[in-house]
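First the structure, in the form of structure tokens, and then the observations on it.
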Ligand code: FES
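Numbering (full-length UniProt numbering), first residue to last: 1 to 106.
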């Protein structure tokens with residue numbers, strides 16, 4: 001079973017089965033992973049779905065759009081591998097993907 005691992009700021013881990021074609025944000029929300037507020041419902045307009053992608057995986061995700069980059073730049077905890085999870089579409093190729101949650105969302 002292909003899966004994603006979400007790691008909270010306190011190191012609690014949530015292993016979630018991949019559903020092809022759904023966003024990373026939707027995987028978190030549908031599986032009760034805390035810390036992903038997704039206030040805009042995936043419209044790249046709120047920044048409350050911020051995650052930090054494990055460095056080993058960052059290059060395997062689609063390129064960050066200018067719209068996403070602009071929203072990320074307003075995120076206080078932005079890091080080099082930060083992404084808005086609503087903008088990342090998950091496929092089985094991402095089996096084992098590790099993402100960390102920031103301490104706070106915007
Ligand atoms: S859910 Fe609002 S930017 Fe991702």
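Just so it is clear, CB atoms sit at the ideal spot from N, CA and C, and this is done for glycine as well.
- With a threshold of 16 other beta carbon atoms within 10 Å, residue 60 falls short and is exposed.
- Residue side-chain check: residue 101 keeps its Cβ at 7 Å or more from all non-hydrogen atoms of the ligand FES.
- Scanning 9, 94, 19 for the CA closest to the CA of residue 56 turns up 94.
- With respect to the C-alpha of residue 9, the residue from 67, 81, 52, 72 having the closest C-alpha is 52.
- For residue 82, the enclosing beta strand (DSSP E) covers residues 82-84.
- If you keep only unbroken beta strand (DSSP E) runs of at least 3 residues inside the segment 10-38, you get 13-17.
- Exposed is the label assigned to residue 103, since fewer than 16 other Cβ atoms lie within 10 Å of its Cβ.
- By the Cβ-count criterion, residue 91 is exposed, with fewer than 16 other Cβ atoms from all chains shown falling within 10 Å of its own Cβ.
- Contact between the segment 79-86 and the segment 12-29 is present: 3 or more CB-CB pairs across the two stretches fall below 8 Å.
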